[in-house]
Structure formats: structure tokens, C-alpha cells
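Residue numbers (full-length UniProt numbering): 1 to 154.
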């Protein structure tokens, strides 16, 4: 898949106004994710994404930072200038597109490194993974947590 195709999917899922906005949000989400997962996993995931999006997964530090979902969303919000609820929507748009783009095994490896409450951000693929972890397989997820909140601080 080409970068413009990936970003069009993110734009449509996230209801962004432009491809540029989708690209900015995608870069923010992938950069924060890249700081959370081990470098080898970030490299493997980056290899599955089109250039230049793969560059966003390059870890800024050598070791992953063990932060939770709430901190992940705060960091995404900080990078995008969005409210935390909007950051959740944004992350769902990006991560569900990642889950639909890369091989399922890659998504499983990624989700194995993250707490179970991150699974819904990856859409139905993540929900199925979480179901295998807790015995509730088959639940459908939206990947975005519901209605989109207003984007910017006011």
C-alpha cells in the first residue's frame, strides 16, 4: 500500500478535513507508539508501512517507555493539540488502519506488548486479540471509542 492510500483510509476513518491533517495525526500516533514498544518490534512494524510513514516509528529513545493507555492518549493529544477524547478517536483511526494494513501476526506481536485495554484502538482485529486473551472472542469494536469530540482546544 502506498502512503497516500494509507492516509486516505486514516482521513476517512478519523473524519479529518485534509490529507495533511491525517498525516500529522498519523505521525503523532506512530511516534508515541514507537516510544512504547521495543525497538525490534517498532522496526518490524515500520517495515510493513509505506515510506515515509515508517520513519515515525523510529524510537526516540533506546528503550521502550512502559506507559499506560491514558498516558499514550495524553501524549498523542499533546503532539496534535487535541483533547484527550479526540486523541482516542485519532489513535483509533490510525491504529485500526495499521491493523488492517499489516499482517495479522504482526498485529498480534504488537498487541502482546501492550496492555489489554489498548486492543479496541486497533479496531475489530484488536478486539479479537483481546477476546483470545480474556475468553470473550467475537466482540465487535469500532476502533474509535464512539463519537468524535471537538478537535482543538478552545
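By construction, the Cβ of each residue, glycine as well, lies at the ideal position given by its N, Cα and C atoms.
Asked	Found
Do three or more CB pairs link the segment 82-91 to the segment 61-73 at distances below 8 Å?	yes
With a threshold of 16 other CB atoms inside 10 Å of the CB of residue 25, please say whether the residue is buried or exposed.	buried
Alpha carbons only, please: which of 95, 77, 78, 117 is nearest the one belonging to residue 7?	95
Taking the straight line between their C-alpha atoms, what separation do you get for residue 63 and residue 114?	15 Å
Looking only at its chain, what residues have a beta carbon closer than 7 Å to the beta carbon of residue 34, apart from the 5 residues adjacent to it on each side?	42, 56, 57, 58, 59
Suppose the cutoff is 8 Å on Cβ atoms and the five residues either side in sequence are ignored; what does the same chain contact list for residue 109 look like?	41, 44
Just the Cα atoms here: how many angstroms apart are residue 77 and residue 28?	9 Å
Using beta-carbon positions only, say whether residue 93 and residue 22 come within less than 9 Å of one another.	yes
Could you tell me the distance, in whole angstroms, from the CA atom of residue 18 to the CA atom of residue 11?	7 Å
Once the 5 residues before and after residue 118 are set aside, which same chain residues still bring their CB inside 6 Å of it?	69
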